[in-house]
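Participant:
Chains as they are written, first to last, in my numbering: chain A, -15 to 251; chain B, -15 to 251.
Have a look at this one:
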């Protein structure tokens, strides 16, 4: 069986460390392709060149222009392949337009020691069946974007006021997440998850697209199968920019990924 | 008057986008040169090539090997110079050994709008005169490293238990910060500040060097003159790695910089 996510991040080698990708209109959000699926595509290209270090420990993506559905070119370069980690750069472009530059440190998550002293508070979410699917949005709100048709996202009812014009003002979104077609999570899918929810600025009543300038992801463990719990928050909206922190917890209660991004406040 | 920090990050052009640096033994911490002053050196090199966009909005540094006092080579490359921001990469090496790779988004902080809706809680610190200088460390603890002789750091007494073998276990350090020679803060100095305190793992009783794999800094505003309030914290120590978040607030109470790093737990 073939999953939508694997089709989306598929790559065709066209040279040494060069790949062709096809950015699908099924992953659009507005006119652009979702940044998370683009990060996963770049992360996939890097992993292809590092079979012994397949996992993005730290993945820094700097966004230069909005990607559009259609062909894209991905290039990678190993800067240094050390003992347990490798440092790599990658770039995605379309018709000569530079879209995203990545600098990443890769390794093998399965070789890390298994101590866990996480003191972060797990995402507090009501049971899945008490949460709100975007498909339950009242008629009259915006049409469900293609991206959200690939995802099964169930929001905490306490943070969906923005859909009704009554944002909480807290600057925090919480939701359960899985792929609609049942593909289980893995480190590459986590790169999607970290940028899959609506901008956290929705919860501040600032609707509209919030272009990401930079997002750095830390993937800390291979996620267990099942639902993921996702929380995004912001605490420093200033100068037309805001930071958005994201945590992803797996079904065993492990904090498997963290990210922080810098994005532009919607106009 | 010449300041120690400016001497430390001084660069001699040796070619187009190529600079020679001299890493000083006055900035050592253990056998290595402090990562913060190295980031500031790289940040300085990038700024030299971007006179209209001198500020590091987002600065991602991936560390490959520990830098030593002595000569270093810095190269920069502008990937894309767009309307209001530019995307740039840079690398620092010593005798052919790759030390640090950087991917950064630069712009002009003075051109950002002046809205501030920060909801983060300012660092809670007792007055400077009630805080604890590292120079007040009891005899018998480790000798003050060269780095700390450049800095005037005053720790909240509530989080210096580690110096007496009684760490709080909270995973948080708070301190006032300024340069000992009085140089006022600016965006480049903030890159130093974000990695200038001891590893936050000290507060968990894990003493020893915690090598940084990756650190991404967001500089959000030009800092006002005077003391900076710095807070570092960690909440996800697992798999031999931990994240360390840092906030820097200026003397006017503005959150001027944020960072998150991924580092290795001391053995």
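Backbone N, C-alpha and C fix where the C-beta goes; we use that ideal spot for every residue, glycine too.
Counting only Cβ pairs nearer than 7 Å, list the residues of chain B close to residue 97 of chain A.
Facilitator: In chain order: 223 and 224.
Participant: Apply the 10 Å Cβ neighbour rule to residue -3 of chain A and answer buried if 16 or more other Cβ atoms are within range, or exposed otherwise.
Facilitator: Classification of residue -3 of chain A: exposed, given that the 10 Å Cβ count is below 16.
Participant: Could you name the residues of chain A that residue 177 of chain B contacts, counting a contact when the two beta carbons are closer than 8 Å?
Facilitator: Per Cβ cutoff of 8 Å: no residues; residue 177 of chain B is ~16 Å from chain A at best.
Participant: I'd like the list of long-range same chain contacts for residue 29 of chain B, defined as Cβ closer than 7 Å, with 5 residues on each side in sequence excluded.
Facilitator: Closer than 7 Å at the Cβ level, and outside the excluded window around residue 29 of chain B, lie -5, 3, 58, 60 and 74.
Participant: Can you give me the C-alpha to C-alpha distance between residue 26 of chain A and residue 18 of chain A, rounded to a whole angstrom?
Facilitator: If you take the alpha carbons of residue 26 of chain A and residue 18 of chain A, they lie about 13 Å apart.
Participant: Mind the definition here: the stretch 176 to 187 of chain A touches the stretch 220 to 239 of chain A only if three or more C-beta pairs lie below 8 Å; say whether that holds.
Facilitator: The stretch 176 to 187 of chain A, when compared against the stretch 220 to 239 of chain A, does touch it at the 8 Å Cβ threshold.
Participant: For residue 123 of chain A and residue 158 of chain A, what's the separation of their Cα atoms in angstroms?
Facilitator: Annotation note: pLDDT 49 at residue 123 of chain A (below 50); position unreliable, no value reported.
Participant: Do you know offhand how far residue -7 of chain B's Cα is from residue 40 of chain A's?
Facilitator: Looking at the two C-alpha atoms, the distance is approximately 31 Å.
Participant: What are the boundary residues of the alpha helix (DSSP H) that residue 234 of chain A is part of?
Facilitator: Where residue 234 of chain A is concerned, there is no enclosing alpha helix (DSSP H), given that its DSSP letter is neither H nor E.
Participant: Please confirm whether residue 227 of chain B has its beta-carbon closer than 9 Å to some beta-carbon of chain A.
Facilitator: Yes - at least one Cβ of chain A is within 9 Å of the one on residue 227 of chain B.
Participant: Is the CB of residue 6 of chain B under 9 Å away from at least one CB in chain A?
Facilitator: Not one chain A Cβ lies under 9 Å of residue 6 of chain B.
Participant: Any idea if residue 141 of chain B is buried or exposed, counting beta-carbon neighbours within 10 angstroms, 16 or more meaning buried?
Facilitator: Exposed is the call here.
Participant: Does the beta-carbon of residue 327 of chain A have 16 or more other beta-carbons within 10 angstroms, so that it is buried, or is it exposed?
Facilitator: What is shown of chain A runs -15 to 251, which leaves residue 327 of chain A out entirely.
Participant: Which residues bound the beta strand (DSSP E) around residue -7 of chain A?
Facilitator: Counting along the chain, residue -7 of chain A falls outside any beta strand (DSSP E), and DSSP gives it neither H nor E.
Participant: Taking Cβ to Cβ, would you say residue 180 of chain A is nearer than 9 Å to residue 250 of chain A?
Facilitator: The answer is no: Cβ separation not under 9 Å.
Participant: Below 8 Å on the Cβ atoms is my guess for residue 239 of chain B versus residue 104 of chain B; work out the distance and round it to an integer in Å.
Facilitator: Contact holds; Cβ gap of about 6 Å.
Participant: Between the stretch 47 to 57 of chain A and the stretch 77 to 88 of chain A, do at least 3 Cβ pairs fall closer than 8 Å?
Facilitator: The answer is yes - the stretch 77 to 88 of chain A touches the stretch 47 to 57 of chain A, with three or more Cβ pairs under 8 Å.
Participant: What residues of chain B sit near residue 239 of chain A, judged by a beta carbon separation below 7 Å?
Facilitator: Neighbours of residue 239 of chain A on chain B, chain order: 220.
Participant: Given a cut-off of 9 Å on the beta-carbon distance, is the pair residue 241 of chain B and residue 231 of chain B in contact?
Facilitator: Cβ distance < 9 Å, so residue 241 of chain B and residue 231 of chain B count as in contact.
Participant: Does chain B have any CB closer than 9 Å to the CB of residue 124 of chain A?
Facilitator: Confidence in residue 124 of chain A is poor, its pLDDT being 45 and thus under 50, which makes the residue's placement unreliable; the coordinate value appears in the next sentence. It does not; no Cβ of chain B falls within 9 Å.
Participant: How would you write the range of the alpha helix (DSSP H) that residue 23 of chain A sits in, first residue to last?
Facilitator: Residue 23 of chain A -> alpha helix (DSSP H) spans 19 to 32.
Participant: Looking at the structure shown, is residue 146 of chain B part of a helix, part of a strand, or coil, going by DSSP?
Facilitator: Correct three-state label for residue 146 of chain B: helix.
Participant: For chain A, find out if any of its Cβ atoms is closer than 9 Å to the Cβ of residue 184 of chain B; answer yes or no.
Facilitator: So no, residue 184 of chain B is outside the interface.
Participant: Please report how far the alpha carbon of residue 98 of chain A lies from the alpha carbon of residue 32 of chain B, in whole angstroms.
Facilitator: Looking at the two C-alpha atoms, the distance is approximately 44 Å.
Participant: Which residues, taken in chain order from the stretch 191 to 207 of chain A, show a beta carbon closer than 7 Å to some beta carbon of chain B?
Facilitator: Here the close residues are 197, 198, 200, 202, 204 and 205.
Participant: Nearest-angstrom Cα distance between residue 246 of chain A and residue 42 of chain A?
Facilitator: Distance between the alpha carbons of residue 246 of chain A and residue 42 of chain A is about 16 Å.
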